[in-house]
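Visitor:
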Amino acid sequence: MNLGDKIKELRIERGMKQSDLAERANISRVSVGNYERNDRVPNADILIQISKALNVNPVALLSGTNSTEELDNLINHLKDGFDTVLYNIGYKTEVLKNGCLKLIYPDNKELILQENEYEALKEEINDYIRYVLSKIPNAKDSSSK
Numbered sequence: 001m002n003l004g005d006k007i008k009e010l011r012i013e014r015g016m017k018q019s020d021l022a023e024r025a026n027i028s029r030v031s032v033g034n035y036e037r038n039d040r041v042p043n044a045d046i047l048i049q050i051s052k053a054l055n056v057n058p059v060a061l062l063s064g065t066n067s068t069e070e071l072d073n074l075i076n077h078l079k080d081g082f083d084t085v086l087y088n089i090g091y092k093t094e095v096l097k098n099g100c101l102k103l104i105y106p107d108n109k110e111l112i113l114q115e116n117e118y119e120a121l122k123e124e125i126n127d128y129i130r131y132v133l134s135k136i137p138n139a140k141d142s143s144s145k
């Protein structure tokens, strides 16, 4: 059973419509449908929102997943805190079936990034953070303790 089937099964077991799950998870009904049909894979933040709305541990959603590729995508998203940074400043991300990343702006505009564009964006932001941190005065060398 894949992730979409598991979400649908749990939703139906709880007597919920897609719109009910969408409201409780604070996502659109269209997104719920996309996840249930396996057209899209929810990112880590949305997976957690869905699991809370269904009152299950996120692991319970993943336990029925038998697609290695699907699990790899989710694990990579969980490991990658970059989408969490974007989420914290009002952006949402979704991994599309073709491996691209859909970036949803706070005003709901969308941008589709190829994997290489996404990696380049992450590196640019990481470089900027390193630059800003290097400009903070009084940085202490932790090896001198």
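The opening residue of the sequence shown carries number 1 in our numbering; numbering runs sequentially from there. The beta carbon of each residue, even a glycine, is placed where N, CA and C say it ideally should be.
#1: Alpha carbon to alpha carbon, how far is residue 19 from residue 29?
#2: In this structure, how does DSSP classify residue 54 when only helix, strand and coil are distinguished?
#3: Just to confirm, is the Cβ distance from residue 62 to residue 3 under 8 angstroms?
#4: Of the residues 99, 90, 98 and 119, which one's Cα is nearest the Cα of residue 105?
#5: Within the segment 6–58, note down every full alpha helix (DSSP H) run reaching 4 residues or more, in order along the chain.
#6: Determine which residues share a DSSP beta bridge with residue 93 and list them.
Guide: Taking the definition as stated:
#1: 5 angstroms
#2: coil
#3: yes
#4: Minimum Cα distance to residue 105 is reached at 90.
#5: 18–25, 29–36 and 44–53
#6: Its beta-bridge partners are 103.
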